[in-house]
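Enquirer:
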Amino acid sequence: MDIALLVIGFLCILIGILGSFLPVLPGPPISWIGLLLLHLTEAVPENWWFLGITLFFALLITIMDYVIPAMGTKKFGGSKAGMYGSIIGLLIGLFLPIPGGIIIGAFVGAFVGEMSKNTDQKVALKAAFGSFLGFLTGTFMKFLITIIYAGLFIWKAIEHGGALFTFQ
109 MDIALLVIGF LCILIGILGS FLPVLPGPPI SWIGLLLLHL TEAVPENWWF
159 LGITLFFALL ITIMDYVIPA MGTKKFGGSK AGMYGSIIGL LIGLFLPIPG
209 GIIIGAFVGA FVGEMSKNTD QKVALKAAFG SFLGFLTGTF MKFLITIIYA
259 GLFIWKAIEH GGALFTFQ
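Residue numbers (my numbering): 109 to 276.
Here you go:
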């Protein structure tokens, strides 16, 4: 059973890394499930503090992934309308059946939100660019935490490898 949990956990780690780039997959939480499955094996001692802290960061990064594009919009001179447009566009972009829908959605949403405030087109484009940079920042953070979780998974699997790979 330990080997099955190890393999499924490792697959969750890999899917989580992919999920840091694919908007339909919540990368950090899926990677965290891989860590959880590793800790559910008999070979690796349960460490609820470790699991709790890593879950907190997985959820925090996932939430921040939706907030950071709006913050980028604001930082580049966007108004609240641009921030809300960025969030709405990002959510709509999740469901668009086009490649990069989430990127395009956040950018267009911020632009439309700014244009609704009767600002000039240059200000709206600048705010939309801020939203795009925010999206890239969120993606980088998700990728970074999933890589860290992969490293933790491998480290713990190697550390307890003798107990994991007993073939009796």
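Even for Gly, the Cβ is constructed at its ideal location relative to N, Cα and C.
Roughly how many angstroms separate the alpha carbons of residue 269 and residue 199, rounded to a whole number?
Expert: C-alpha separation (whole angstroms): 42 angstroms.
Enquirer: Going by beta carbon distance, what residues of the same chain come within less than 7 angstroms of residue 144, once the five residues before and after it are set aside?
Expert: 159.
Enquirer: Measure the alpha-carbon distance for residue 114 versus residue 148 and round it to whole angstroms.
Expert: Computed Cα separation, rounded: 9 angstroms.
Enquirer: Report buried or exposed for residue 271, applying the criterion of at least 16 other Cβ atoms within 10 angstroms of its Cβ.
Expert: Its Cβ having fewer than 16 others within 10 Å, residue 271 is exposed.
Enquirer: Look up residue 147 in the DSSP assignment and say whether it is helix, strand or coil.
Expert: The answer is helix: DSSP assigns residue 147 an H, G or I state.
Enquirer: Decide if residue 188 is buried, meaning its Cβ has at least 16 other Cβ atoms within 10 Å, or exposed.
Expert: Burial call: exposed.
Enquirer: If you follow the alpha helix (DSSP H) that residue 110 is part of, which residue opens it and which one closes it?
Expert: Where residue 110 is concerned, the enclosing alpha helix (DSSP H) stretches over 110-127.
Enquirer: With a threshold of 8 angstroms, are at least 3 pairs of Cβ atoms found where one atom belongs to the segment 122-132 and the other to the segment 246-258?
Expert: With a cut-off of 8 angstroms, the segment 246-258 and the segment 122-132 count as touching, because enough Cβ pairs lie within range.
Enquirer: How long is the line joining the alpha carbons of residue 207 and residue 130, rounded to whole angstroms?
Expert: Going from the Cα of residue 207 to the Cα of residue 130 covers about 10 angstroms.
Enquirer: Enumerate in chain order the residues of its own chain whose CB-to-CB distance from residue 220 is below 6 angstroms, with the five nearest sequence positions on each side excluded.
Expert: These residues qualify, in order along the chain: 193.
Enquirer: When you compare only the Cα positions, how much space is there between residue 169 and residue 267?
Expert: Answer to the nearest angstrom: the Cα atoms are 27 angstroms apart.
Enquirer: Where does residue 222 sit, in a helix, a strand or coil, going by DSSP?
Expert: Residue 222 falls in the helix class under three-state DSSP.
Enquirer: So which of 136, 111, 249 has the shortest CA-CA distance to residue 164?
Expert: The shortest Cα separation from residue 164 among 136, 111, 249 belongs to 136.
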